[in-house]
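Undergrad:
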């Protein structure tokens, strides 16, 4: 795709005589840059100037056809294209940047004459000549971008680039700096997504500008290697191995997507070849981006353009494989400045895993340049058909994405520690109004039975608690999906609505006269309101904390939930005994509203989601459904959820009926589970993020399941009639390990993100978290339904003096088995590698 250039000065003789030139002569555009040129998007070639395959050389010789062995494998070879800035050079850059900023000039006016670099001038001339006639790239190292800040770093970067060529715009609006950051887009949407705005692998390609520069401001968490290959070397390999493909790439039968960079009267695509012979000097150059070819399927499906032939599809695959085989790689570090030609080089970027906000995410600045062969001679520009500015009618939203990340947002990446603490504390406090009622419902159910004044069957009250939990968990996948992207910027409003719904529902329940009134207000509407609070706030928590400490954050919040589970029943019982049902629920309604609103106000929407709201609407990435990880983990979560709630439901009555404990002692034994959960959630969150004890997500998630299952078989089943020790030991061990299971989900999310990055696919961790919660809710419901049948099926056996021989025996066996089944993911470590998908983290 040859670069399109418009001459905006008075000398139109440099342009080929076309109707476009006539339009420009009538109404020329004002120059955006000192040299008078600006890019106009991808333009078609002059077809009569395209050479046939027979005119191309069989082999390109010279330094431009370098091989990877020439430039990699030793520090001496890498020193050819790596240049650490010297103190004198940095002083030159700093002084020139400050002078330029103080001059008040716009960055669009940047040129070599306005940015003198006395200690580098001779060297930069050599580098510039190498861009045209040599290896074609250079890597400067050590620009102090953190010290200089965005404005000074950008100025120094553009000033340095101005010594290599004329700075040109990236789009019709005249934007000269493009910000390369992951915007969470789905790379599968080829026709509307540009891969540099995702974490997926970019195939080998050449940009339309003669030179492209990259300044690294922040690095990713993992991956993101840049690869460079000589296009002339690739041509030679194709000529040797597949001359038929080489010939195919010289034919103007390739259609490329403009992706919205069009003006009135232009098509959404262009037709051209990939390899060219430059007019005037016989030099071979190329412009190619395979993704701009594949993205046109929407037109070929309608018969507007020819579909890719099998030969073309094979050519694309062979081209990319050849490029990768012959390339050299390098990972950009903070402060690296990379310039490369697009006329005889191809470059790519490997998939990467980024940090989660508020940690600084991968961020590069891109600078396109036009580079005439001679600074004083522009008549050797590769001849292309000019057109109107692509910005005239280009998609505003798409252009905004090209300059999406501003200096303001970069500053948002450096979030004060107090903000993180505030977000974490607010998420901890909000667990009280979200879970306080559901966790303590057993106390209320007992109160209803002992103080029945309502109409209807009082057995229905037993369904209120399970209905509330079921609605909360089962609605989470839908709510998480709704607020993870499309409505992310509405999270706070949604949470406020949830608080209002829950508070009003609890208040209306005080006027109940029939049992179905309680079922609706306490079991349905209040539960939905609480889920509407939980989903957007928990999504924001996961996005404020990075992949390196997200599990810890989840663990601490879950510890707060266990504190609620420990104290809630005692507080509700004391309130009911003192004030009665109506006053207790009115106080609770007011508390839910006040505590929720306060906590929600303390959790701002992560900056990334605000930035994404300003970009085109993106679909949720569902690629993870094509891979086994989500299914294996979902099955494990289902089994664990099936058995998790059963001891909480029946241990109190078991302690009184079989162990012959008092009501107070039985309540204390039950409370031990939640007390241990406070410690366990924090511990397993730490273990999932720990860097000293490196365990896979499978192993960490299997530990609580297997251990809690063994606790059921060894302690609960072997408790003796009237015995206390094993029952207490069971409550402690089962409470610790089973309660810590949810805190391992952060590690599961991190593993799935890493796996998706390696496959070049997008994934939304918030959506996955919501789905896992939903699966656990299904497990709760199945376990609750099964427990009724198991209790009824239990009979006293010859082992009646042990738990196994009591009427609770089937329930104990079931709980142990499903808990162990939840740990089945650990068997991946023993399976052949072709069966595994989890990596050691």
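Numbering (the UniProt record's numbering), first residue to last: 1 to 841.
All C-beta atoms, glycine included, are put in the ideal place defined by N, C-alpha and C.
Just so we're clear, the structure is a prediction, and the values are computed from it rather than from any experiment.
#1: Residue 272 by DSSP, collapsed to three states: which one?
#2: Residue 785: which of 267, 567, 467, 72 sits nearest, CA to CA?
#3: What's the call for residue 69, buried or exposed, on a 16-neighbour Cβ count within 10 Å?
#4: Going straight from the alpha carbon of residue 389 to that of residue 266, what length do you get?
#5: Whether or not the segment 492-510 and the segment 768-786 are in contact is what I'm after, with contact meaning three or more pairs of Cβ atoms, one per stretch, closer than 8 Å; do they touch?
#6: Taking the continuous beta strand (DSSP E) assigned at residue 334, which residues delimit it?
#7: What whole-angstrom Cβ distance do residue 72 and residue 328 have, given they're in contact under 8 Å?
#8: Thinking C-beta only, is residue 820 closer than 9 Å to residue 706?
#9: Going by C-alpha distance, which of 321, 676, 524 is nearest residue 438?
#10: Tell me which residue opens and which closes the beta strand (DSSP E) that residue 255 is part of.
#11: Whose C-alpha, out of 580, 585, 535, is nearest the C-alpha of residue 510?
#12: Alpha carbon to alpha carbon, how far is residue 504 from residue 589?
#13: Where do the ends of the beta strand (DSSP E) carrying residue 230 lie?
#14: Counting Cβ pairs closer than 8 Å, one from the segment 105-124 and one from the segment 159-168, do we hit at least three?
#15: Closest to residue 348 by CA distance: which of 206, 86, 672, 94 is it?
#16: Who are residue 768's beta bridge partners in DSSP?
#17: Hey, residue 337 and residue 218: beta-carbon distance below 9 Å or not?
#18: What is the rounded straight-line gap between the Cα of residue 281 and the Cα of residue 119?
#19: Helix, strand or coil for residue 304? Go by DSSP, reduced to three states.
#20: Just grab the DSSP bridge partners of residue 368 for me.
#21: For the segment 760-777 against the segment 476-488, are there 3 or more C-beta pairs whose distance is under 8 Å?
#22: Could you tell me if residue 450 is buried or exposed, where buried requires 16 or more neighbouring beta carbons within 10 angstroms of its beta carbon?
#23: Less than 8 Å between the CB atoms is what I'm expecting for residue 680 and residue 731, so what's the real figure, rounded?
#24: Please report the Cβ distance between residue 444 and residue 515, rounded to the nearest whole angstrom; I am assuming they are in contact, meaning their Cβ atoms lie under 8 Å.
#25: Could you pull out every residue in the same chain whose Cβ sits closer than 6 Å to the Cβ of residue 286, ignoring the five residues on either side in sequence?
#26: Is the segment 242-261 touching the segment 79-97, taking contact as three or more C-beta pairs under 8 Å?
#27: In angstroms with no decimal places, state the Cα-to-Cα distance between residue 529 and residue 536.
#28: Report whether the distance from the Cβ of residue 97 to the nearest heavy atom of the ligand HEM is below 8 Å.
#29: Where does residue 457 land, buried or exposed, given buried means 16+ other C-beta within 10 angstroms?
#30: Going by DSSP, what residue range makes up the alpha helix (DSSP H) through residue 122?
#31: Buried or exposed for residue 674, please, with buried defined as at least 16 other CB atoms from any protein chain shown within 10 angstroms of its CB.
#32: Please report the residue range of the alpha helix (DSSP H) in which residue 350 lies.
#33: Can the beta-carbon of residue 780 be found closer than 9 Å to that of residue 636?
#34: Cα separation between residue 306 and residue 628?
#35: Can you tell me which residues form a DSSP beta bridge with residue 720?
#36: Considering only DSSP beta bridges, list what residue 715 is partnered with.
TA: In short, the structure shows the following:
#1: strand
#2: 467
#3: exposed
#4: In this prediction, residue 389 has a pLDDT of 29, which is less than 50 and means its spatial position is unreliable; what the coordinates show is noted afterwards. Taking the straight line from one Cα to the other gives about 11 Å.
#5: no
#6: Run containing residue 334: none; DSSP gives neither H nor E here.
#7: 4 Å
#8: yes
#9: 524
#10: 254-257
#11: 585
#12: 7 Å
#13: 226-230
#14: yes
#15: 206
#16: Answer is none; residue 768 lacks a bridge partner.
#17: no
#18: 34 Å
#19: coil
#20: 212
#21: yes
#22: exposed
#23: Actually they are not in contact, since the Cβ atoms of residue 680 and residue 731 sit about 13 Å apart, beyond 8 Å.
#24: Not a contact, Cβ separation roughly 13 Å.
#25: 231, 274, 275
#26: no
#27: 12 Å
#28: Absent from the structure shown: the ligand HEM. Ligands present: none.
#29: exposed
#30: 121-133
#31: buried
#32: Premise fails: residue 350 is in no alpha helix (DSSP H) and is neither H nor E.
#33: no
#34: 36 Å
#35: 802
#36: According to DSSP, residue 715 bridges with nothing at all.
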